[in-house]
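Data block below; observations after.
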Amino acid sequence: MARQAFLSSFREFLARARGDRRARLGLVGAVALLGLLEVGFHVHFSRAAPSLDEWSSLKPLVTELARPGTLIVVAPEWSEPNARFALGSGLMPLGHVARPDAEAFEQALEISILGEGAPELRGWNLTGERASGKFALRSWANPSPARVGFDFLAHVLPRHLRVQLERAGASPEACAYGTQKVTNGELAGHPTFPRKRFQCPGGEWSFVGVTVIEDQNYRPRQCIWAHPSTRATLSLHFDDVPIGSSIVGYGALPYFFEREWHGAPVELEVLVGGQSMGSWTHSDGEGWKRFEFATAALSGQRLPVDFRVRARAARDRQFCFQASVR
Amino acid sequence: MSEAATPDTSATPDESAPSEARAREASAPDATPEGAKHAKGAETPALSPRSARAAWSWARAVDPLIFCGLFGAYLAALVGTAHTLGYARDEGFYFHAAGTYGRWFEQLLSNPSRALSPNVIDRFWQENREHPALMKSLFWLSQYSLDGRWFSERGTSLRFPAMVISSLGVATTFAFGRRCVGRAGGIVAALAFALMPQVFYHSHLACFDMPIASFWLFVAYAYYRSTQARGWPWAIAAAVLYGLALETKHNAWYLPPALVAHLLAAGFPAFVRRLRARRSSATAPRTAGPPTAGLPTAGLPTAGLPTAGPPPAGLPTEGRPGLFRGFGRWLLRGPLALALMVSIGPLVFYALWPWIWRDTWARLAWYFEFHWQHVYYNMEFLGRTYFEPPFPLTYAPLMTLATVPLITLVLAACGVVVALAAMVRGVRTESHVPLAASPSLRAQASLLPDSWSFGVLWAACLVLSYSPWLLPTTPIFGGTKHWLNAYPFLALFAGWGFAALLRVLRDALALGGPLRLAAPWVLGACTMVGPLAMTWHSHPWGLTAYTPLVGGAPGAATLGLNRSFWGYTTGSVTGYLNDVAARGARVFLHDTALDSFRMLQKDRRLRSDLKPWGAVAGSSVALYHHEQHMSRVEHMIWVDYGTTSPSQVATFDGVPMVWVYLRPSAPAKEPKPPPPKATSPEPPPPEPPSPEPPSP
Chain A
177 MARQAFLSSF REFLARARGD RRARLGLVGA VALLGLLEVG FHVHFSRAAP
227 SLDEWSSLKP LVTELARPGT LIVVAPEWSE PNARFALGSG LMPLGHVARP
277 DAEAFEQALE ISILGEGAPE LRGWNLTGER ASGKFALRSW ANPSPARVGF
327 DFLAHVLPRH LRVQLERAGA SPEACAYGTQ KVTNGELAGH PTFPRKRFQC
377 PGGEWSFVGV TVIEDQNYRP RQCIWAHPST RATLSLHFDD VPIGSSIVGY
427 GALPYFFERE WHGAPVELEV LVGGQSMGSW THSDGEGWKR FEFATAALSG
477 QRLPVDFRVR ARAARDRQFC FQASVR
Chain B
139 MSEAATPDTS ATPDESAPSE ARAREASAPD ATPEGAKHAK GAETPALSPR
189 SARAAWSWAR AVDPLIFCGL FGAYLAALVG TAHTLGYARD EGFYFHAAGT
239 YGRWFEQLLS NPSRALSPNV IDRFWQENRE HPALMKSLFW LSQYSLDGRW
289 FSERGTSLRF PAMVISSLGV ATTFAFGRRC VGRAGGIVAA LAFALMPQVF
339 YHSHLACFDM PIASFWLFVA YAYYRSTQAR GWPWAIAAAV LYGLALETKH
389 NAWYLPPALV AHLLAAGFPA FVRRLRARRS SATAPRTAGP PTAGLPTAGL
439 PTAGLPTAGP PPAGLPTEGR PGLFRGFGRW LLRGPLALAL MVSIGPLVFY
489 ALWPWIWRDT WARLAWYFEF HWQHVYYNME FLGRTYFEPP FPLTYAPLMT
539 LATVPLITLV LAACGVVVAL AAMVRGVRTE SHVPLAASPS LRAQASLLPD
589 SWSFGVLWAA CLVLSYSPWL LPTTPIFGGT KHWLNAYPFL ALFAGWGFAA
639 LLRVLRDALA LGGPLRLAAP WVLGACTMVG PLAMTWHSHP WGLTAYTPLV
689 GGAPGAATLG LNRSFWGYTT GSVTGYLNDV AARGARVFLH DTALDSFRML
739 QKDRRLRSDL KPWGAVAGSS VALYHHEQHM SRVEHMIWVD YGTTSPSQVA
789 TFDGVPMVWV YLRPSAPAKE PKPPPPKATS PEPPPPEPPS PEPPSP
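Listed below in C-alpha cells is the structure:
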C-alpha cells in the first residue's frame, strides 16, 4: 500500500511538473542562471590568489614583522614558492624551510591567503594580525618552545665531528672531511651529495654530510646523511656536547626510496659519554620519524655523543637524521 | 498505410522524411531532431512546394557551413595559440620518432627495395614501438611539407595533424548531434566538447590522446550511420576508420564492446517481442485477424510511434522472403559494420605499421603486454601521490567533475534524463502492443524511437571510455587524458539536454517569431559563455585548469589535485631564460624532454646557445616543474645552489607552476657533464637504484 501510495504521489508530481509551466520555465532558468553563475565564480577564483607582484610588494611588511629567527609559514602550503621568490633566502633560509619541526621556534609569522591557516601552528598563541591586500599576516608565539642546547646538524664540521667505519676486530676506517664532487640524481636519483662532507671508504654514497630529503608528505627535511655500510657500523662522534635532558631527533630515508617497503630496517644507537642511551629503529614506510633519548641523568655535563648507524643490508639505505640536545 | 510506401523512420529527416517535414525541420533554427520529432508527434504544417524547396536548399547548405565553420574556427584557435604553449614531454619523443620514420619514408622514395628490407625496417621502426605509426608518420609528413611554408615554427608543423584531427572531432560532434538531436543541440554539443579546457590543451599536442578520442567518435558516427538506410558505405567507412583508430592508440581496443552493446540493445525490442509471443502462444491460441483499429494504446505515450515504418531490426516479416529481408536489414544495422571492422580494421592496422610486418605475433604480443602491464607512474590526487595499486576508484569521476565545466555536466545530465525518458517510453510502448496485430502495425507500434539507438550508442561509448578506471589496477598517471574519448559523447548528451531545454522554453512560453529564433542564441550564450571563458583563460596552462566547482586552480592546489605534468610549462619561462641566462648556460631541464627543449630552440623561442643539462649538478640554471613527488628535485637544487629562493616563478591564477633557479655563483670547477637521459616517453618508473650499491 505504501509503495502504491508513493508511486501514485510520484506520478502525480511528475504529471504536475510536466503540466506546470512555471516549473518547466524554472528549470530552464535555473540552468541558464547556473551557466552565468559559473562564469562569475570562474572570474572570482581566477583573481582570488595574489599575483607575484602582490607577493613582492609584501616584503617590506614581512621584514618589519619578522624578527631574526622568526619562522615564516605560508598557508596554504602550495603558495610557499611564491613567498620564497618574493622574500628571499634571507627571510626563509634552508634551515627554516626544511625544518625538522616547529618546536624550537619561539615566534612564527604566518602569511595566509584565501582564508587558509597553517595546521603546524595550532596550539600557538596569536599575538597579532594584520591584513594587507589579499594577505593576512598573523604573528604567533610558541607557548612552550623547546630550548635547543646543541644542534648536531649545525656541527657537521671537522672541529666538532669525527666519522669512521667501525668493525669488530679491526681498526676503524676514518672518513676524511674535505671537498668532493657535488652530485645529485634526477627524479629517481639520490639527493644532492654536498661539496663539503666526511667521505668514507666505499662508494660515493658512503659519507656523512648535510643534505635535504623528502618526507612522507614530500616536504623537505634538512638532515645528516648517514648511509649505513654493509661491512661496518657508521659512527659519528661529536666531541664536547653540552648534555641536556634529552636528545631528540628525526630520521628517515628519502620517501621515494622507502615508500615501497623494500629495504632492511636502519638502526640508530646513541651513546653519551660512551654509555649507550638506547637504540631506535626505522623501517621503510615510516617516513620522518621522531626519536628521543632521555639524558637527564647526565644533564649539565659536556660529554662526547656518538651516533652509530647500521643496517642488516645496506642497499638503498639512504638514511638521514637530524638531532639536537634539549 | 502500406508497408511498401513507408519511409524508414529510423533514417534521418533529410534522407527519408517527407519533404514537408524536412523543410519544416530545415527552416527551424534548432531543427527538430528525429527523437524529438517522434516525441512531439507534432503536426506537420503544409508548406508550398517552392518554400519547401527553398528551405530544403538552405538546410542542405547551412549544416556543411556550420561543420566547416566549427572545424576552421577551432583549428585557427589551436594554430593561433600554439606558439605560447611549451612542448610536453611525450611530444619530444614523438618528434624524434617522427624524424626517424621520416628518414625511412625518404629512403622508401629513393631506394624502395632497400627501405623495405627487414633489417632497415626494424632499424627505423623499432623506435617508440610502444605506439603505432599513424600519427607519428603524419607528424613527419606535415613537417616535411609544411615547415617553413605554412608555419614558421617546426613544432607547429609537427603538431598540425593532431590539431586537424581534433578539430574534425569537434565538427563531427556537431554532425552527430545535428543528426540526432537537432541543429542547436549539435552546435552546443560541439561547443561543449571544444570548450573543455583540458580538451583544448590536448588538442594542441603532437600526441595521440585527442586523435584517438576523435577516432572513437568517427568510428561511432560511421557505425551509427551504417545502421540506417543505405548504410553499407558507412559500414566500410567504419571499418577503415577503426583500422586508423587501432593505428592511432591502443584505446581503440575497447571500442568494439561499446558497439556490440549497442547492437544487443538495438535487438532488445525484438527479443522482448519474441519472448512475449512465445509466452503468449504457450498459454493461449493466437488470435487471428489484425485489429487494425482500436489498439489499446489509449493513455500510452504514442509520441514514440512513428507514423509509419518498416519492420524493425530483427523482426522478420511474414513468410520466408520477409524473413530474409528482415535478416538483411538486421545485418546492415550493425553486424555488417562490426564484421567489417574486425576484418578490415586489423588489415589497415597491419598495413600502416611496418614494425609489425615481420615477426608479427611476437611484436603484437609485446605491444599488448606493454600496455596491459604498463608501469605505474606517480599522480597526486587529493593530496596523496599514488604510485602503485590500488588506485582510487573515485579518480575518474572526481577529476571529470573538477575539470569539465559544471554547466556542461548539468546539460549532459539533462540529456541523460531525456534519453532515459525516451527509452522508458519506447519500452512501455513496446510492452503494450498487442501481439495479434498485423505485422506492419506491430512493426510501427513497436518500433522504438531512434533515440533508443543513438542514446544507447552514446551511453555505451561513454561508459566504455571510463570503464578501465573502474579497476583499481588501471594507472592514473595521465590524468584526464586517459578518458578523453568519453568527452565527445558527454558533450552529445549535453547537446541533447540543451535541445530538450530549448523545447521546454519554447513550449512553455509559446514563443513565436523573432523570440523563437532568439531563444537558442540566448540560452546558448548563457550556457556556453562559461566554458568559453574558462577555456580561453586556461591557455597555456591547460593541465592546471580546474573549474569553479573546486575553486579553480587555487582551490585545486589546496585540495591536492595534480598541478601539471610532462614539463610543458618550460614554454612559459622561455622569455625569462632568454633574458637572464648567461651565454652558453647549462640549463637543467627537469621534466622537459630533451627533444622538447630542442624544439623550443629550433622554433627560436629559446636561445640556441643554451645547453640542455641532465642533472642539477653542473648546471647554472635549473628548472623545476612542480608535481608533489618531484619536490625532491627542488630540494636537490636548494642544496646544490645554496638557496631556497627561485629567481622566477611562472604562475597560473597565483598558483606556482614552474620556477627557475639561477646558481648564485658558478662553481670553481664543474663536474663532467652527464648527458641528458633519453628516457622513456613518460616519467621514469619509481624504482630508483641506489647511488651505488654497497660493496659486499
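These protein sequences, in sequence, are chains A and B. Note that my numbering has the first sequence beginning at 177, numbered continuously upward. Note that my numbering has the second sequence beginning at 139, numbered continuously upward. Where a beta carbon is used, it is the ideal one built from N, C-alpha and C, also for glycine. These numbers were taken from a predicted model, which means no experiment stands behind them.
**OP:** Whole angstroms is fine: what's the gap from VAL398 of chain B's alpha carbon to ALA500 of chain B's?
**Re:** 28 Å
Subject >> 8 Å Cβ cutoff met for GLN520 of chain A and SER227 of chain A >> reply: Residue 520 of chain A is absent from the model: chain A starts at 177 and stops at 502.
Original post:
So does the segment 700-708 of chain B actually touch the segment 251-264 of chain B, counting three or more Cβ pairs closer than 8 Å?
Top reply: no
**OP:** Apply the 10 Å Cβ neighbour rule to ASP201 of chain B and answer buried if 16 or more other Cβ atoms are within range, or exposed otherwise.
**Re:** buried
Original post:
Does GLY224 of chain B have its Cβ less than 8 Å from a Cβ in chain A?
Top reply: no
Original post:
Using a beta-carbon distance cut-off of less than 8 Å, what residues from the segment 537-555 of chain B approach chain A?
Top reply: PRO543, LEU544, ILE545, VAL548, LEU549 and CYS552
Subject >> Own chain residues within Cβ distance below 6 Å of GLY83 of chain B, not counting five before or after >> reply: Because chain B here runs from 139 to 834, residue 83 of chain B falls outside it and cannot be looked at.
Original post:
Roughly how many whole angstroms lie between the Cα atoms of ALA499 of chain A and GLU468 of chain A?
Top reply: 9 Å
Subject >> Buried or exposed (CB count within 10 angstroms, at least 16 for buried), CYS206 of chain B >> reply: exposed
**OP:** Could you check if GLU188 of chain A is buried or exposed, using at least 16 other CB atoms within 10 Å of its CB as the buried criterion?
**Re:** exposed
**OP:** Give a yes or no on whether 8 Å exceeds the smallest Cβ distance from ARG335 of chain A to chain B.
**Re:** no
Subject >> First through last residue of the beta strand (DSSP E) which encompasses VAL501 of chain A >> reply: 496-501
Original post:
Quick one: Cα of PRO349 of chain B to Cα of ASN389 of chain B, how far?
Top reply: 11 Å
Subject >> Contacts of TRP533 of chain A in chain B (Cβ-Cβ under 9 Å) >> reply: Only positions 177 to 502 of chain A appear in the structure, and residue 533 of chain A is not among them; the question remains open.
Original post:
Where do the N-terminal and C-terminal ends of the alpha helix (DSSP H) with VAL771 of chain B fall, by residue?
Top reply: 769-779
Original post:
For a contact meaning CB atoms closer than 8 Å, what does ASN301 of chain A contact in chain B?
Top reply: Ordered by position in chain B, no residue passes the 8 Å Cβ test against ASN301 of chain A, which lies about 26 Å from the chain.
**OP:** Below 8 Å between beta carbons is the criterion; list the residues of the segment 232-247 of chain B that meet it against any residue of chain A, in chain order.
**Re:** none
**OP:** Say whether the segment 631-644 of chain B touches the segment 340-348 of chain B, bearing in mind that this needs 3 or more beta-carbon pairs closer than 8 Å, one atom from each stretch.
**Re:** no
Original post:
Would TRP634 of chain B count as contacting chain A if we go by Cβ distances under 8 Å?
Top reply: no
**OP:** Could you tell me which residues DSSP pairs with THR789 of chain B in its beta bridges?
**Re:** B:PRO794
**OP:** Specify, as a first and last residue, the run of the alpha helix (DSSP H) that ALA404 of chain B falls within.
**Re:** 394-404
Original post:
If we cut at 8 Å on Cβ distances, does PRO441 of chain A have a partner in chain B?
Top reply: no
Original post:
Going along the chain, which residues of its own chain have a beta-carbon closer than 6 Å to the beta-carbon of HIS272 of chain A, five neighbours each way excluded?
Top reply: LEU247
Subject >> alpha helix (DSSP H) segments (min. 4 residues) lying fully within the segment 402-456 of chain A >> reply: 431-434
Subject >> Residue range of the unbroken alpha helix (DSSP H) whose run includes VAL302 of chain B >> reply: 292-319
Original post:
Considering GLY385 of chain A, what are the terminal residues of the beta strand (DSSP E) in which it resides?
Top reply: 383-390
Original post:
Quick check: the segment 528-548 of chain B against the segment 414-430 of chain A, are there 3 or more CB pairs under 8 Å?
Top reply: no
Original post:
CA-CA distance, CYS496 of chain A and TRP437 of chain A?
Top reply: 17 Å
Original post:
Whole-angstrom Cβ separation of GLY483 of chain B and GLY381 of chain B, contact assumed at under 8 Å?
Top reply: 4 Å
Original post:
Roughly how many angstroms separate the alpha carbons of PRO371 of chain B and LEU474 of chain B, rounded to a whole number?
Top reply: 10 Å
**OP:** Using a Cβ cut-off of 8 Å, pull out every chain B residue sitting near PRO367 of chain A, in sequence order please.
**Re:** ARG770, HIS773, MET774 and VAL777
Subject >> Partners in chain A for ALA731 of chain B, counting only beta-carbon separations shorter than 8 Å >> reply: In chain order: nothing, as chain A lies at least about 12 Å away.
Original post:
So who's on the other strand from ASN301 of chain A, going by DSSP bridges?
Top reply: A:ALA317
Subject >> Residue closest to PRO377 of chain A, alpha-carbon to alpha-carbon, out of A:ALA350, A:GLU362, A:GLN180 and A:ILE400 >> reply: A:ALA350
Original post:
Relative to the C-alpha of PRO244 of chain A, which residue among A:ARG200, A:SER265 and A:TRP254 is closest?
Top reply: A:SER265
Original post:
Just how far apart, CA to CA, sit PHE312 of chain B and GLY324 of chain B?
Top reply: 4 Å
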